[in-house]
Ligand SMILES: [Zn+2]
Ligand SMILES: [Zn+2]
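Residue numbers (the working numbering): 1 to 151.
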C-alpha cells in the first residue's frame, strides 16, 4: 500500500484578486529585506519574503496580469498589472537558464506558512527612518546575509 504524502498548500493572491497562486510547504526561509530594490518598488520600510523552489509554486489564475520587471541581472520581479501588488522575485544563477528559487511576499499569502520571519537581510541598507526593535539576527554586506559588526 502506498502512503499518501501529505501536501501542505498555502494559497495567495494580489490585492485585487486578478492574480492567484499557491505554494507548497516547506518554505526555504522567511526574512525581512531592507535592500533598496525591495524598499522602493514596494514603497515600504522593508519587505518580508519567503521562498520555495519553482516546483513548489503554481499560478492558479491571472497569469496574463503578471507584469515582469528585471530589477537586476539576477532577479526578475513580478507584480499585478491591475492593482500593482508586488508578488514575486525569481532568482537565477548566472550560469543557468532556469531559476532555482522564487521569492514570494509573505503579505500576499492568505494563510500561515511553516515559519515566522527569522532574520533581517541587507540590514545595512535600512532606511534611516525605519525603527527595528526585535532581537532577530541583522545581516548585511555584499550578499545581504553576512554578520554585521555593529548589530
Ligand atoms: Zn491585482
Ligand atoms: Zn531586498
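Glycine included, every Cβ here is placed at the ideal spot set by N, Cα and C.
Of the candidates 122, 43, 6, 66, 66 places its Cα closest to the Cα of residue 20. Exposure of residue 83 is indicated by the presence of fewer than 16 other C-beta atoms within 10 angstroms of its C-beta. Rounded to whole angstroms, the gap between the alpha carbons of residue 77 and residue 147 is 26 Å.
Here residue 118 carries a coil assignment [DSSP, helix/strand/coil]. Here DSSP, grouped into helix, strand and coil, assigns residue 106 to helix.
DSSP places residue 32 in the uninterrupted beta strand (DSSP E) bounded by 30 to 33. The nearest non-hydrogen atom of ligand 2 is less than 7 Å from the C-beta of residue 38. Of the heavy atoms belonging to ligand 1, none sits nearer than 7 Å to the Cβ of residue 30. Residue 58 is bridged by DSSP to 22.
Classified as buried, residue 10 has 16 or more neighbouring CB atoms from the shown chains inside 10 Å of its CB.
Ligand 2 has no heavy atom closer than 7 Å to the beta-carbon of residue 5.
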